[in-house]
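Peer 1:
2 protein chains.
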Amino acid sequence: MFAGENRPVITSKDNEKLKLIRSLAQRKHRDREGLFVAEGEDLLDAAAAAGVEAELVLVAGEDVEPELLDSVSTLGSGTRALGVFRERWAAPGGQLSVYLHGVGDPGNVGTIIRAAHAFADGPVVLSPDCADPFSPKAVRASMGSIFARPPARAELSDVGGHRLALVPDAPTELAGAALEPPLVLCLGAEREGLPADALEAVDGSARIPISESGPGSLNVAMAATVALYEARNRMAGHA
Amino acid sequence: MFAGENRPVITSKDNEKLKLIRSLAQRKHRDREGLFVAEGEDLLDAAAAAGVEAELVLVAGEDVEPELLDSVSTLGSGTRALGVFRERWAAPGGQLSVYLHGVGDPGNVGTIIRAAHAFADGPVVLSPDCADPFSPKAVRASMGSIFARPPARAELSDVGGHRLALVPDAPTELAGAALEPPLVLCLGAEREGLPADALEAVDGSARIPISESGPGSLNVAMAATVALYEARNRMAGHA
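In the order they appear, the protein sequences are chains A and B. Just so you know, we're using our numbering here: the first sequence kicks off at 1 and counts up by one. Just so you know, we're using our numbering here: the second sequence kicks off at 240 and counts up by one.
(1) Alpha carbon to alpha carbon, how far is G34 of chain A from S135 of chain A?
(2) For my contact list, V84 of chain A and E55 of chain A are in at a C-beta cut-off of 8 Å; report their separation, rounded to the angstrom.
(3) Would you report the Cα separation of R269 of chain B and L263 of chain B, rounded to the nearest angstrom?
(4) When you check each C-beta in the stretch 455-469 of chain B against every C-beta of chain A, which residues fall closer than 7 Å?
(5) Residues in the same chain with beta-carbon distance under 7 Å from Y229 of chain A, minus the five sequence neighbours each way, listed in chain order, please.
(6) By how many angstroms is the C-alpha of P133 of chain A removed from the C-alpha of G122 of chain A?
(7) Which value, in whole angstroms, describes the spacing of the CA atoms of Q334 of chain B and L422 of chain B?
(8) Classify S366 of chain B as buried or exposed, calling it buried when 16 or more other Cβ atoms lie within 10 Å of its own Cβ.
(9) With distances taken from CA atoms, which of A:A116, A:R140, A:P92 and A:L18 is nearest L156 of chain A?
(10) Suppose the cutoff is 6 Å on Cβ atoms and the five residues either side in sequence are ignored; what does the same chain contact list for A46 of chain A look like?
(11) Please identify the residue among A:G161, A:G216, A:A223 and A:M235 whose C-alpha is closest to the C-alpha of G204 of chain A.
(12) Are the Cβ atoms of T74 of chain A and G40 of chain A separated by less than 8 Å?
(13) Using a Cβ cut-off of 7 Å, pull out every chain B residue sitting near A131 of chain A, in sequence order please.
(14) Report, in whole angstroms, the separation of the C-beta atoms of V167 of chain A and R140 of chain A, which I expect to be a contact under 8 Å.
(15) With a threshold of 6 Å on Cβ separation, who are the neighbours of L18 of chain A within its own chain once the five nearest residues in sequence on each side are excluded?
(16) Closest by CA to G453 of chain B, which one among A:G61, A:P150, A:A177 and A:D169?
(17) Near T464 of chain B, which residues of its chain fall below 6 Å by C-beta distance, leaving aside the five closest residues on each side in sequence?
(18) In terms of residue numbering, what span does the alpha helix (DSSP H) encompassing S336 of chain B cover?
(19) In terms of residue numbering, what span does the alpha helix (DSSP H) encompassing F275 of chain B cover?
(20) Leaving out five residues on either side along the sequence, give the residues of the same chain with a beta carbon under 8 Å from the beta carbon of N219 of chain A.
(21) Under 8 Å, CB to CB, which of the residues in the stretch 421-452 of chain B have a partner in chain A?
(22) Does R353 of chain B come within less than 8 Å of chain A when only Cβ atoms are used?
(23) Specify the secondary structure class of V423 of chain B as computed by DSSP and reduced to three states.
(24) Can you name, in chain order, every residue of its own chain whose Cβ lies under 6 Å from the Cβ of T350 of chain B, other than the five neighbours on each side?
(25) Grab me the residues of R402 of chain B's own chain with a C-beta within less than 6 Å of its C-beta, minus the 5 sequence neighbours each way, in chain order.
(26) Around the Cβ of S97 of chain A, are there at least 16 other Cβ atoms within 10 angstroms (buried) or fewer (exposed)?
(27) Starting from V220 of chain A and walking both ways along the alpha helix (DSSP H), at which residues does that stretch end?
(28) So L194 of chain A packs on G188 of chain A, CB below 8 Å; how close in whole Å?
(29) Closer than 7 Å by C-beta to A223 of chain A: which residues in its own chain qualify, once you throw out the five before and the five after it? Chain order, please.
(30) Any idea what DSSP makes of R327 of chain B, helix, strand or coil?
(31) Sorted by chain position, which residues of the same chain lie with C-beta nearer than 7 Å to R234 of chain A's C-beta, five sequence neighbours on each side aside?
(32) Compare the C-beta of F119 of chain A with all C-beta atoms of chain B and state if any pair is closer than 8 Å.
(33) With DSSP as the reference, please indicate the residues paired to L156 of chain A in a beta bridge.
(34) How many whole angstroms separate the CB atoms of A299 of chain B and A320 of chain B, which I take to be in contact at a CB cut-off of 8 Å?
(35) Cβ of A541 of chain B less than 8 Å from any chain A Cβ?
(36) How would you write the range of the beta strand (DSSP E) that A206 of chain A sits in, first residue to last?
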């Protein structure tokens, strides 16, 4: 959308590009524009590595005065580069994927996208009430995996495969559970867990054993990471 | 230190307790006072569950005007309660523990303290250049496990037991590595990993296998969580 332009240095906070970037801090604008912001060279490198082109890139000192770039950053000062990207969504699928129900913390959503990139071939499927995976916090927590592994959006009933719920009080330990591909690991919100209608839609459940003297539950990102590791390992033949 | 006082409602930002709380946002003051702040009812509940008493508790509307409590909060507005606690440190030990070298991100340090609480009986041992586990971010990320499982501080050479380094390019996969108690899982900083002198001080190394199409490495908190899960599970008899 901004391709082919010259690159005059932006010196006004009223510049249209800066206005766009500022607006994309809010979900309603991201949803409307279908665009999101990735801050920092590491994330821009991750986009390039995934073959994803930015709609717009601003580099401090080249395209924009550094203080102005800082002023639109959600990371605070010292941002050296920032890109605007088109939101991309995948379809559910793969031999191993994750379904998240009502996970409201964007850091957890981003971390689980990273974990799925590491251990699974399928996407992270988000229920409609999950945190926006394209929010600044989620994008940062994904460490760029949002580019290589776009998330999917669906209700659990629309996700095919063997659906295994991770539930703290399930009688079967994960290490003893049947893990048959295509496997969908299903996890609920931090406090509430999976609601009754989601639990009715799964094919089985398992728990991650924790110490008796340990905390009552695992953070959803930790639980998803552990389950993805175990499933990948087992499905790769390490019983 | 503030026990036995009446509880007049604090109405001035120059109040000594508020000054103390503000100062504890900085590491140098935490180090000097040996105190730290835990914000929010969940963390205060976690302290109580671990049998840890606060030096000072402020509840919005009871002890302090809500806007004044918000003004000393690092979480932003809406803080309902906040406690000041004495920093407690443990000694290295246990059948399963973690050693972190130069992990600078307080969120990762806190998350790993939580994971060790869930899966291990020993503490998280921090090299001197790790992030402060009593920083607001670390305390929050520990979800209160900082109270039940105080961290330890030591050089790797001072930590006894079988020291297993988690290294991305180790030839042995974690699932095939010998895991003999007392086991110390050793992990390095996000980018740098374990330095040469730490690698010389370990007894073995293993990697967590990730997909070929995955990211180049795991976040240190994810790696520690997975390794703790695997070690706990194997040591509990699930081969």
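The C-beta atom is built at its ideal place from N, Cα and C for all residues, glycine as well. Fair warning: this is a prediction, and the values are worked out from it, not measured in the lab.
Peer 2: In this structure, then:
(1) In the first sequence, counting from the first residue as 1, residue 34 of chain A sits at position 34. In the first sequence, counting from the first residue as 1, residue 135 of chain A sits at position 135. Rounded to the nearest angstrom, the two C-alpha atoms are 12 Å apart.
(2) Residue mapping note: residue 84 of chain A aligns to position 84 of the first sequence, counting from 1. Residue mapping note: residue 55 of chain A aligns to position 55 of the first sequence, counting from 1. About 5 Å separates the two Cβ atoms, so the contact holds.
(3) By 1-based counting over the second sequence, the position of residue 269 of chain B is 30. By 1-based counting over the second sequence, the position of residue 263 of chain B is 24. C-alpha separation (whole angstroms): 5 Å.
(4) L457, N458, M461, T464, V465 and Y468
(5) Start at 1 with the first residue of the first sequence, and residue 229 of chain A comes out as number 229. Counting only Cβ-Cβ distances below 7 Å, and skipping sequence neighbours, we find F119.
(6) If you number the first sequence from 1, residue 122 of chain A lands on position 122. If you number the first sequence from 1, residue 133 of chain A lands on position 133. Distance between the alpha carbons of G122 of chain A and P133 of chain A is about 16 Å.
(7) As a first step, residue 334 of chain B must be located in the second sequence, where it is residue number 95. As a first step, residue 422 of chain B must be located in the second sequence, where it is residue number 183. In a straight line, the C-alpha of Q334 of chain B is about 6 Å away from that of L422 of chain B.
(8) Taking the first residue of the second sequence as position 1, residue 366 of chain B is located at position 127. It counts as buried.
(9) For the purposes of this step, residue 156 of chain A is taken as the residue at position 156 of the first sequence. Among A:A116, A:R140, A:P92 and A:L18, the Cα nearest to that of L156 of chain A belongs to A:P92.
(10) As a working mapping, residue 46 of chain A is identified with position 46 in the first sequence. Closer than 6 Å at Cβ, skipping near neighbours: G144 and F147.
(11) By one-based count along the first sequence, residue 204 of chain A stands at place 204. G204 of chain A has its Cα closest to that of A:G161, out of A:G161, A:G216, A:A223 and A:M235.
(12) As a first step, residue 74 of chain A is located in the first sequence; it is residue number 74 there, counting from the start. As a first step, residue 40 of chain A is located in the first sequence; it is residue number 40 there, counting from the start. No; because the gap between Cβ atoms is not below 8 Å, this pair is not in contact.
(13) To locate residue 131 of chain A, count along the first sequence from 1; it is residue 131. The contacting residues do not exist; A131 of chain A stays about 17 Å from chain B at best.
(14) Here residue 167 of chain A refers to the residue found at position 167 of the first sequence. Here residue 140 of chain A refers to the residue found at position 140 of the first sequence. With 8 Å as the limit, V167 of chain A and R140 of chain A do not qualify as a contact, their Cβ atoms being about 29 Å apart.
(15) In the first sequence, residue 18 of chain A corresponds to position 18, counting from 1. If we look at L18 of chain A and ignore the five residues flanking it on each side, its Cβ neighbours are V72.
(16) Taking the first residue of the second sequence as position 1, residue 453 of chain B is located at position 214. Selected option, being the one with the closest Cα: A:P150.
(17) Within the second sequence, residue 464 of chain B is the residue found at index 225, counting from 1. Answer for T464 of chain B: A354, listed in chain order.
(18) Walking along the second sequence from the start, residue 336 of chain B turns up at place 97. Where S336 of chain B is concerned, there is no enclosing alpha helix (DSSP H), although the beta strand (DSSP E) it sits in stretches over L335 to L339.
(19) Indexing the second sequence from 1 puts residue 275 of chain B at position 36. Where F275 of chain B is concerned, there is no enclosing alpha helix (DSSP H), although the beta strand (DSSP E) it sits in stretches over L274 to E278.
(20) As a first step, residue 219 of chain A is located in the first sequence; it is residue number 219 there, counting from the start. Around N219 of chain A: N108 and E190.
(21) I447, P448, I449, S450 and S452
(22) Position 114 of the second sequence, counting from 1, holds the residue named residue 353 of chain B. So, interface residue.
(23) As a position in the second sequence, residue 423 of chain B is number 184, starting the count at 1. The answer is strand: DSSP assigns V423 of chain B an E or B state.
(24) Taking the second sequence and counting its residues from 1, one reaches residue 350 of chain B at position 111. These residues qualify, in order along the chain: A380 and A460.
(25) Your numbering for residue 402 of chain B matches position 163 in the second sequence. Here the set comprises V423, C425, V441 and D442.
(26) Reading the first sequence from its first residue, position 97 is the one you call residue 97 of chain A. Classification of S97 of chain A: buried, given that the 10 Å Cβ count is 16 or more.
(27) Indexing the first sequence from 1 puts residue 220 of chain A at position 220. Its alpha helix (DSSP H) spans residues V220 to M235.
(28) Numbered from 1 along the first sequence, position 194 holds the residue referred to as residue 194 of chain A. Numbered from 1 along the first sequence, position 188 holds the residue referred to as residue 188 of chain A. With 8 Å as the limit, L194 of chain A and G188 of chain A qualify as a contact, their Cβ atoms being about 4 Å apart.
(29) Counted from its first residue, the first sequence places residue 223 of chain A at position 223. L166, L187 and I208, listed in sequence order.
(30) Start at 1 with the first residue of the second sequence, and residue 327 of chain B comes out as number 88. The answer is coil: DSSP assigns R327 of chain B none of H, G, I, E or B.
(31) Indexing the first sequence from 1 puts residue 234 of chain A at position 234. If we look at R234 of chain A and ignore the five residues flanking it on each side, its Cβ neighbours are L179.
(32) Translated into positions along the first sequence, residue 119 of chain A becomes position 119. True, the Cβ-Cβ gap to chain B drops below 8 Å.
(33) On the first sequence, residue 156 of chain A is found 156 positions in, with the first residue counted as 1. Answer is none; L156 of chain A lacks a bridge partner.
(34) By one-based count along the second sequence, residue 299 of chain B stands at place 60. By one-based count along the second sequence, residue 320 of chain B stands at place 81. Going by Cβ atoms, the distance from A299 of chain B to A320 of chain B rounds to 7 Å, so yes, they are a contact pair.
(35) Residue 541 of chain B lies beyond the residue range present for chain B, which begins at 240 and ends at 478; the question has no answer from this structure.
(36) For the purposes of this step, residue 206 of chain A is taken as residue 206 along the first sequence, with counting starting at 1. Segment G204 to A206, the beta strand (DSSP E) holding A206 of chain A.
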